[in-house]
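Have a look at the structure below before the remarks.
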Ligand SMILES: [Zn+2]
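Numbering (this note's numbering), first residue to last: 35 to 371.
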């Protein structure tokens, strides 16, 4: 039995000392230890994984420790429709009472949440934006109900909260010759849309007439998307870069049209899509409706038990712990095991 064999037996496989190894020049063992889910910091989960690689060369043991820190930032995207005490039968399930809406926004303010627009989130997910605030959240409104202007905007303004409104252009109150589809209640006017944009509200697409985009022919999908985008951009005098699917419905074909129309990101409804998969054309949202209780709202905002966007960041730190041992040193190590 050679010295080299003794060394391997001691460090790597003490139970298999009889294995006939004639020389050891490069023995590597890898030991991966999850050193702890360090827990939640706000809505950020921090996980540390330490990998220890032991490499034996002749009589020397070199231990390399690599620590990978993964931060998963959870970003809830809230989906509102109407904010009113007088919903129509059609809007009722998704109509949030103004008092509830005010309480929900106050909860976000007190909790230290920092709302950002959907376009702002998309930029952060692409890695091109300024990054995310500590407790990010996105507040969105679908369709463009008139009560966004009268009920929601004053509350958002008071807190300094940005948000995103997905506007169905053919439904607007003064759509005139462009009127299309059947709005479910009184809708915003173009001047209110412009005023919202001037308040820092992101105006985004929601098709022109609100069809189920996955159920209509491709040229109609294209027309719905492009007419909506062109009208919004023309009237607000700025770029429209995101949209939401009417009813949340999309398909691979619809998403391709959305990309080709020039949208960078699109909201679905409740698909569980992880942000680090970068499926920016089917980003999940959380419905806030008339029956959403305070407890349920808090769980959604805190990201407990609901589908969310996850933005994963990795940091690698590499530490070398170089241990030089003499042959006799290894021999002593061997005698302990
Ligand atoms: Zn809608």
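From the three backbone atoms N, C-alpha and C, an ideal C-beta is built for every residue, glycine too.
If you're wondering where the values come from, they're calculated on a predicted model, not measured in any experiment.
Option nearest residue i by Cα separation, candidates the options
i, options, result
"residue 280", "248, 299, 229", "248"
"residue 127", "133, 115, 135", "115"
"residue 231", "89, 113, 196", "196"
"residue 335", "97, 238, 113", "113"
"residue 424", "223, 171, 142, 328", "The requested residue 424 is not part of the displayed model; the chain covers only 35 to 371."
"residue 111", "166, 120, 101, 174", "174"
"residue 223", "260, 180, 193, 200", "180"
"residue 120", "324, 338, 337", "324"
"residue 235", "198, 207, 256", "198"
"residue 317", "254, 261, 165, 159", "159"
Own chain, CB closer than 8 Å to residue i, minus 5 neighbours either side, in chain order
i, result
"residue 252", "287, 291"
"residue 137", "328"
"residue 67", "Confidence at residue 67 is low in this model, with a pLDDT of 49, below 50, so its placement is unreliable and no value can be given for it."
"residue 321", "113, 128, 303, 304"
"residue 191", "233"
"residue 254", "245"
"residue 183", "222, 226, 229, 230"
Segment limits, beta strand (DSSP E) that includes residue i
i, result
"residue 191", "From DSSP, residue 191 is part of no beta strand (DSSP E) but of the alpha helix (DSSP H) over 187-193."
"residue 175", "170-177"
"residue 112", "111-114"
"residue 291", "Per DSSP, residue 291 belongs to no beta strand (DSSP E); it is in the alpha helix (DSSP H), 286-294."
"residue 212", "Residue 212 -> no beta strand (DSSP E), and no H or E assigned at all."
"residue 200", "198-201"
"residue 299", "299-301"
"residue 238", "236-239"
Assigned exposure category for residue i - 16 Cβ within 10 Å defines buried
i, result
"residue 118", "buried"
"residue 108", "buried"
"residue 130", "buried"
"residue 315", "buried"
"residue 210", "exposed"
"residue 233", "exposed"
"residue 285", "exposed"
"residue 337", "buried"
"residue 185", "buried"
"residue 161", "exposed"
"residue 57", "Summary for residue 57: the model assigns pLDDT 36, below 50, so the residue's position carries little reliability; its value from the coordinates is reported in the next sentence. Residue 57 is exposed by the Cβ-count criterion."
Residue range of the unbroken alpha helix (DSSP H) whose run includes residue i
i, result
"residue 135", "132-144"
"residue 276", "Element bounds for residue 276: not the alpha helix (DSSP H) but the beta strand (DSSP E), 276-278."
"residue 328", "328-336"
"residue 255", "252-270"
"residue 229", "224-232"
"residue 147", "Per DSSP, residue 147 belongs to no alpha helix (DSSP H) and is neither H nor E."
"residue 316", "Neither: residue 316 is in no alpha helix (DSSP H) and is coded neither H nor E."
"residue 153", "152-160"
Sequence-distant residues of its chain with Cβ nearer than 7 Å to residue i (five each side left out)
i, result
"residue 273", "267"
"residue 124", "218"
"residue 205", "177, 178, 215, 217, 221, 244"
"residue 258", "241, 242, 243, 245, 247"
"residue 212", "203, 204, 265"
"residue 193", "139, 143"
"residue 293", "315"
"residue 298", "156, 275, 276, 314"
"residue 122", "218, 219"
"residue 165", "158"
Contact check, residue i vs residue j, beta carbons under 9 Å
i, j, result
"residue 326", "residue 152", "no"
"residue 289", "residue 300", "yes"
"residue 203", "residue 265", "yes"
"residue 302", "residue 263", "no"
"residue 156", "residue 201", "no"
"residue 408", "residue 187", "Shown here, the chain extends from 35 to 371; a query on residue 408 therefore has no answer."
"residue 27", "residue 167", "Nothing about residue 27 can be read from this structure; the chain reaches only from 35 to 371."
"residue 319", "residue 282", "yes"
Cβ-based neighbour list, residue i, same chain, cut-off 6 Å, excluding 5 preceding and 5 following
i, result
"residue 228", "270"
"residue 134", "none"
"residue 331", "138"
"residue 207", "221, 223"
"residue 260", "295"
Residue i Cβ short of 8 Å to ligand 3 heavy atom set
i, result
"residue 244", "This structure lacks ligand 3; the ligands present are ligand 1."
Neighbour flag for residue i against chain C, beta carbons, 9 Å
i, result
"residue 289", "Included in the structure is just one protein chain, with no chain C present."
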